[in-house]
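Numbering (this note's numbering), first residue to last: 6 to 600.
All residues carry an ideal CB built from backbone N, CA and C; glycine is no exception.
Down below is the structure, laid out as structure tokens.
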């Protein structure tokens, strides 16, 4: 009886698993726990008979002083635990690395059926070589046993999901396999040097890498981690199909299927065609969001299922509309762009709600050739059955205010604090209204007075949107001055003895900092008055919404402590990645703690 093998676990395998769990725990979803649990069960069931055969036939062995004693079909419990801890750690690493991916976007890839045949042929050839090694009863026995064990599983997974696997980012997939493989090779090398387990000389090729590590062991870690990752890709393929059906459907309140139902639908839907126009539009939207705001793309990963896709399509439309107006060469062109946006929205919302987003362009009664293709496609993808047009009209009213800055006949449009509040409501409160509208469509409130509660939450959300806009204005004083805009109320400027011309000429200094802090104080007050409403939202979205809000409010905290020189720069102030992760971790943990 010995504890050497447990010493390996407590020293090398358990600590990284605990560290990753502590880091990721607030972000865990029920679906992710199901995925990991599924892989662990399959790993134990698939590996136990194979490993038992190896031990009973003296392919490898464990010195009595290296293991505690209890076994399962001749397998030490320490080894069974290794199946669990390896699968858990590799699966969790994959989940962390793929959290930001929008899975349905990878369904839109050209068919590569020839690779399916090539993959099966390669795996079949490897399987034959494996059997040759086993039947030779020579030094190739252990190597052959590894190959005949892994190839059938890989052939099944490849046949089901090879196209989705090939569409996934290669760097992510390779890193998810290579990192745990390299780490376990290092650990195994140390264990072999200590004599924790022994591979019999007669059944190994006797080629070592990294010192004492047998080449079969390196291969074992590589293929087992590959099976774990490819197995997760297959499950994500099923998730992608389910999310696609929810997002592309005009129905509201369509729920994500149960885990068991998900796997059944996956098998039934595996060879069914998907709406390529919708998937191409989704891919374009994801690409646009990744170019314009990586933080938005990563932040959207806090949301689940069809809601995340709807939010990305909504944000993509906002970016297209914003760029059309902001990049117009003059005021007349900007107004024309706004008219195009208004016409496109009215046309889209006039369609019957049974029209799928992917077919909206084709169903438009009278196609307007003056509408830019980017605007037309982004409007067509809006989930209008889950949205209303009023918030978009309010947003266009906010754009009207922006255009007034170029009309010097009427002076600057933000005269007093009421004008500031109205502008913030139009450009940010309206966005909050649309976001909450999507939330309630995907996660209906379950209470006796849902309409009353929903109204209270929406009003609080509109105010929270205004708070974030105040932070935005405080951050961009210098950048707005560059384009001739001052969003600080004229009455506030007069209180500091400043004019608009002075702000445009020199958007920094002690007076500017006092005005900046006044905006931040206003934002903080509105935030404190409305933040508790987040906890009235459905539990699935409380953490993501709080993360979104707190990430923006954290910019205000940075401004309060930042130097005047840094804040006067024309570049947009952003949170560092570690700080963004810290804000997200605290927000998600806070919701879990009180939820």
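{"query": "Nonlocal neighbours in the same chain, by C-beta distance under 7 angstroms from residue 601, ignoring five residues either side", "result": "Residue 601 lies beyond the range of the chain shown here (6 to 600); nothing can be said about it."}
{"query": "Beta-carbon spacing of residue 152, residue 133 below 7 angstroms", "result": "no"}
{"query": "6 angstroms Cβ shell around residue 588 - same chain, five flanking residues per side excluded", "result": "555, 556 and 559"}
{"query": "Opening and closing residue of the alpha helix (DSSP H) in which residue 533 lies", "result": "515–535"}
{"query": "CA-to-CA distance, residue 52 to residue 88, given in whole angstroms", "result": "8 angstroms"}
{"query": "Length of the line joining the Cα atoms of residue 357 and residue 243", "result": "30 angstroms"}
{"query": "N- and C-terminal bounds of the alpha helix (DSSP H) containing residue 345", "result": "336–354"}
{"query": "Cα-Cα separation, residue 349 to residue 327", "result": "14 angstroms"}
{"query": "Residue burial classification, residue 494 (beta-carbon count within 10 angstroms, cutoff 16)", "result": "buried"}
{"query": "Residue 419 in three-state terms, based on DSSP", "result": "coil"}
{"query": "Residue of 55, 460, 71 and 72 minimising C-alpha distance to residue 64", "result": "55"}
{"query": "Three-pair Cβ contact test at 8 angstroms for the region 391–402 versus the region 470–479", "result": "no"}
{"query": "Span separating the alpha-carbon of residue 543 from that of residue 444", "result": "8 angstroms"}
{"query": "Any chain B beta carbon closer than 7 angstroms to residue 479", "result": "Among the chains in the structure shown there is no chain B, since it carries only a single protein chain."}
{"query": "Spatial distance of residue 539 from residue 530 (CA atoms)", "result": "16 angstroms"}
{"query": "For residue 81, three-class secondary structure by DSSP", "result": "strand"}
{"query": "Spatially closest choice to residue 184 from 333, 169, 127 and 230, by CA coordinates", "result": "230"}
{"query": "Supposed close pair residue 492, residue 425 - CB separation, criterion 8 angstroms", "result": "7 angstroms"}
{"query": "DSSP bridge partner residues for residue 218 (one or two, in chain order)", "result": "214"}
{"query": "Selected residue, minimal CA-CA separation from residue 146, among 267, 462 and 211", "result": "211"}
{"query": "Secondary structure of residue 34, DSSP reduced to three states", "result": "coil"}
{"query": "DSSP beta-bridge partners of residue 166", "result": "Residue 166 is not bridged to any residue."}
{"query": "Assigned secondary structure, residue 92 (DSSP; H/G/I helix, E/B strand, else coil)", "result": "helix"}
{"query": "Buried or exposed by the 16-neighbour rule on C-beta atoms within 10 Å, applied to residue 173", "result": "buried"}
{"query": "Any 3 or more C-beta pairs closer than 8 angstroms across the region 6–15 and the region 207–227", "result": "no"}
{"query": "Separation of residue 547 from residue 596, as counted between CA atoms", "result": "7 angstroms"}
{"query": "At least three beta-carbon pairs within less than 8 angstroms, the region 247–263 to the region 302–313", "result": "yes"}
{"query": "Segment contact, 8 angstroms Cβ cut-off, at least three pairs: the region 91–107 with the region 34–53", "result": "yes"}
{"query": "Start-to-end residues for the alpha helix (DSSP H) that takes in residue 122", "result": "118–140"}
{"query": "Contact set for residue 382: own chain, Cβ-Cβ below 6 angstroms, skip 5 residues either direction", "result": "286"}
{"query": "Endpoints, the alpha helix (DSSP H) within which residue 546 is located", "result": "544–566"}
{"query": "DSSP-derived helix/strand/coil call for residue 375", "result": "coil"}
{"query": "Helix, strand or coil at residue 398 [DSSP, three-state]", "result": "helix"}
{"query": "Proximity to residue 66 [Cα-Cα], best of 550, 84 and 344", "result": "84"}
{"query": "Inter-stretch contact (C-beta, 8 angstroms, three-pair minimum) for the region 111–124 and the region 276–284", "result": "yes"}
{"query": "Residues of its chain near residue 61, where Cβ-Cβ distance is below 7 angstroms and the 5 sequence neighbours each way are ignored", "result": "79"}
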